[in-house]
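Just so you know, the sequences run in chain order G and X.
Heads up, the first sequence is in the numbering used here, so the first residue is 1 and it goes up one at a time.
Heads up, the second sequence is in the numbering used here, so the first residue is 193 and it goes up one at a time.
Number of protein chains: 2
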Amino acid sequence: MTNLIKELRESTGAGMLEIKNALAEANNDKDKAVEILRKKGAAKLSKKADRVAKEGLIESYIHPGSRVGVLVELNCETDFVSRTADFKALAKELALHIAASNPLYVTIQQVPAEVVEKEKEIYKEQLKGKPEEVMGKILDGKIAKYYEEVCLLEQPFVKNPDIKVKDLINEAVSKIGENIQVRRFARFVLGS
Amino acid sequence: MTNLIKELRESTGAGMLEIKNALAEANNDKDKAVEILRKKGAAKLSKKADRVAKEGLIESYIHPGSRVGVLVELNCETDFVSRTADFKALAKELALHIAASNPLYVTIQQVPAEVVEKEKEIYKEQLKGKPEEVMGKILDGKIAKYYEEVCLLEQPFVKNPDIKVKDLINEAVSKIGENIQVRRFARFVLGS
């Protein structure tokens with residue numbers, strides 16, 4: 001309960017009493033309370049997003065020629081680590097890798113099920129005529145290959161294709177001793 | 193028809209004959225033809241997006257401290273203009289402005305109708321008790337104000353709040369003599 005009040009103070013900037021009243025009115029439903037606070041004019045617009053606490057940094061890479069650009073958020077646990085040279089270097093490597101290797105997702109879990117189904121359909125068509133038991137194995141291999149193409153963590157690291165990007169991150173994790181996660185990225189290609 | 197073949201050559205990298213056959217099979221349906229080409233293993237994955245022709249550049253801005261970052265695509269008509277100092281300067285100003293002013297959309301047209309409805313509902317609640325005819329006017333004013341808060345082109349320019357961002361762009365258009373458009377942007381705030 002105290003946590004909820006603290007969270008709402010940070011996210012809305014409203015006063016303690018206003019928040020308590022809003023929470024009571026909303027039966028402790030956070031989203032409803034925010035709406036009540038906004039209706040009362042007490043909450044400040046869209047400040048919330050800027051205040052949630054997570055450490056790390058935002059890095060960018062613009063490829064020479066300015067036709068490809070990348071923005072990436074790399075998270076760690078403490079502000080201290082985010083200011084180390086090792087962490088900054090990792091963020092730079094990742095931004096460069098994303099520019100070069102065009103991932104569509106960070107993790108395998110983020111690939112939508114429909115997309116995987118569509119891929120499977122295409123592979124099945126390519127493999128038409130093969131016996132069932134061979135088909136299954138080849139299909140698994142092809143899907144694994146697809147993940148290696150589109151998921152950042154599964155991609156071979158552009159500067160050293162013997163390792164995957166997740167291995168590069170894991171190396172940094174064991175060196176730095178903190179959990180490190182690629183939270184999100186954006187990659188713009190001119191006119192596409 | 194010839195255009196379609198050319199487009200498919202660029203987007204799939206498949207051979208001329210393969211494309212003709214695929215188009216015939218697909219009754220000239222482009223998307224179906226691409227799928228056929230892919231099934232035949234002739235089309236290369238997701239190259240298409242990188243090839244559509246539009247000029248301009250991708251610019252980034254990382255705010256000191258690396259907790260806020262922006263990626264923006266600014267389009268113009270010719271490659272020549274994209275390399276001019278004026279155009280590059282405009283892209284830089286826009287990236288900086290986006291970092292500072294946190295727009296959620298580029299244009300008014302991009303604000304989803306549900307979002308506008310939700311805003312109106314909140315304003316109506318705030319104005320409860322006012323006479324109908326006053327209400328309408330105030331509501332229009334509040335919505336216009338909301339657009340100024342969340343739409344990049346409607347925002348007051350951070351370095352000169354007497355003009356809007358669209359005025360800044362229009363100045364550049366008349367100076368440069370080409371259509372200039374902000375195509376898209378991404379703005380990451382650490383942990384949000």
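Quick reminder that beta carbons are idealized off the backbone N, C-alpha and C, glycines included.
Q.
If we define contact as Cβ-Cβ less than 8 Å, is G:R67 a contact residue for chain X?
A. Taking Cβ atoms only, chain X reaches closer than 8 Å to G:R67, which makes this a yes.
**Q.** Reduced DSSP secondary structure (H/G/I, E/B, other) of X:G333
**A.** Helix, per DSSP.
Q) Apart from the five residues just before and just after X:A218, which ones in its own chain have a Cβ nearer than 7 Å to its Cβ? A) Only K224, A225 and I228 meet the Cβ criterion.
Q. How is the beta strand (DSSP E) around X:R376 delimited, first residue to last?
A. Counting along the chain, the beta strand (DSSP E) containing X:R376 begins and ends at Q373 to V381.
**Q.** Residues that X:K367 contacts on chain G, provided the C-beta gap is smaller than 7 Å
**A.** By Cβ distance, chain G contributes nothing, its closest Cβ being about 20 Å from X:K367, past 7 Å.
Q | Residue span of the beta strand (DSSP E) that contains G:N160, given as start and end | A | Secondary structure note for G:N160: its beta strand (DSSP E) is the uninterrupted segment N160 to K164.
(Q) Suppose you measure from the CA of G:L104 to the CA of X:A305; what does that come to, to the nearest Å? (A) One C-alpha to the other measures close to 28 Å.
Q. Would you call the CB atoms of X:Y338 and X:L288 closer than 8 Å?
A. No, Cβ-Cβ distance for X:Y338 and X:L288 is not below 8 Å.
Q.
Can you pull the chain G neighbours of X:A378, defined as C-beta to C-beta under 8 Å?
A. What X:A378 touches in chain G: L71, A186 and F188.
Q) Among all the DSSP beta bridges, which residues are the ones paired with G:V70? A) The secondary-structure analysis by DSSP pairs G:V70 across a beta bridge with G:Y61 and G:R187.
Q.
Please list, in chain order, the chain G residues whose beta carbon lies closer than 8 Å to that of X:I314.
A. For X:I314, the residues of chain G that pass the 8 Å Cβ criterion are E35, R38 and K39, in the order they occur in the chain.
Q. In chain X, what lies closer than 8 Å to G:E194 by C-beta?
A. This structure leaves residue 194 of chain G out entirely; chain G is present only between 1 and 192.
Q) Roughly how many angstroms separate the alpha carbons of X:K240 and G:V189, rounded to a whole number? A) Because X:K240 sits at a pLDDT of 35, beneath the cut-off of 50, its placement in the model cannot be relied upon, and the following sentence gives the value as read from the coordinates. Near 11 Å, if we compare the C-alpha coordinates of G:V189 and X:K240.
Q) Anyone know if the C-beta pair for G:L94 and G:V72 falls short of 8 Å? A) In contact: G:L94 and G:V72 (Cβ atoms closer than 8 Å).
Q. How many Å lie between G:A14 and G:I180 at the Cα?
A. Distance between the alpha carbons of G:A14 and G:I180: 33 Å.
Q.
Between the alpha carbons of G:V106 and G:K175, how many angstroms are there, rounded?
A. A direct Cα-to-Cα measurement between G:V106 and G:K175 gives close to 22 Å.
Q: Tell me whether X:D242 sits in a helix, a strand or coil according to DSSP, three-state version.
A: Its pLDDT being 38, under 50, X:D242 is placed unreliably by the model, and the measurement read from it follows with that caveat. Of the three classes helix, strand and coil, the one that applies to X:D242 here is helix, per DSSP.
Q.
Let's test the definition: count the other Cβ atoms within 10 Å of the Cβ of G:A186 and tell me whether it reaches 16, buried, or not, exposed.
A. So G:A186 ends up on the buried side.
Q.
My output table needs one value for G:E178: the three-state DSSP class, helix, strand or coil.
A. DSSP places G:E178 in coil when its eight states are reduced to three.
Q) For the alpha helix (DSSP H) that X:E311 lies in, which residues bound it at each end? A) From DSSP, the alpha helix (DSSP H) with X:E311 extends over A305 to Q318.
Q | Interfacial residues, the region 132-145 of chain G to chain X, with Cβ spacing under 7 Å | A | The residues in question: there are none.
Q. Would DSSP call G:N21 helix, strand or coil?
A. Here G:N21 sits in helix by DSSP.
Q) Which residues, taken in chain order from the region 15-26 of chain G, show a beta carbon closer than 7 Å to some beta carbon of chain X? A) Residues are counted here when their Cβ sits less than 7 Å from a Cβ of chain X; for the region 15-26 of chain G the count is zero.
Q: Might you give, ordered along the chain, the residues of its own chain that have their beta carbon closer than 6 Å to the beta carbon of G:R184, omitting 5 neighbours on each side?
A: Cβ neighbours of G:R184 beyond the five flanking positions: E73.
Q) Should X:I355 be labelled buried (16 or more other beta-carbon atoms within 10 Å of its own) or exposed? A) Answer is exposed; the Cβ neighbour count stays below 16.
Q. Can you find a CB in chain G that lies within less than 8 Å of the CB of X:E251?
A. Against chain G, the CB of X:E251 has a partner CB under 8 Å away; the residue lies at that interface.
Q) Run through DSSP, which three-state label would G:G136 get? A) In the structure shown, G:G136 sits in a helix (DSSP, three-state: H, G or I).
Q. Across which residues does DSSP place X:N267 in a beta bridge pair?
A. According to DSSP, which records beta bridges pairwise, X:N267 is partnered with X:G248 and X:Q373.
Q) At a Cβ threshold of 8 Å, is G:L45 touching chain X? A) Bear in mind that a pLDDT of 46 at G:L45, under 50, signals an unreliable position, so the model cannot answer this.
**Q.** Residue nearest to X:N294 in terms of C-alpha spacing, selected from X:A214, X:V350 and X:G369
**A.** With distances taken between Cα atoms, X:N294 lies closest to X:V350.
Q: Confirm, please, whether the CB-CB distance from X:K310 to X:L331 is below 8 Å.
A: No Cβ-Cβ contact shorter than 8 Å links X:L331 with X:K310.
Q: Note down, in chain order, each residue of its chain lying with its Cβ closer than 6 Å to the Cβ of G:L4, except the 5 sequence neighbours on either side.
A: Correct list: empty, nothing qualifies.
Q.
Our contact map puts X:G383 next to G:K54 with C-beta atoms below 8 Å; I'd like the distance itself, whole angstroms only.
A. Right, the Cβ-Cβ distance comes to about 3 Å (below 8 Å), so this counts as a contact.
(Q) Considering only DSSP beta bridges, list what G:P156 is partnered with. (A) Bridge partners of G:P156: G:K164.
**Q.** Extent of the continuous alpha helix (DSSP H) run through X:L196
**A.** Taken as a continuous stretch (DSSP letters only), the alpha helix (DSSP H) holding X:L196 covers T194 to T204.
(Q) Within the continuous alpha helix (DSSP H) that includes G:K130, where are the two ends? (A) Counting along the chain, G:K130 falls outside any alpha helix (DSSP H), and DSSP gives it neither H nor E.
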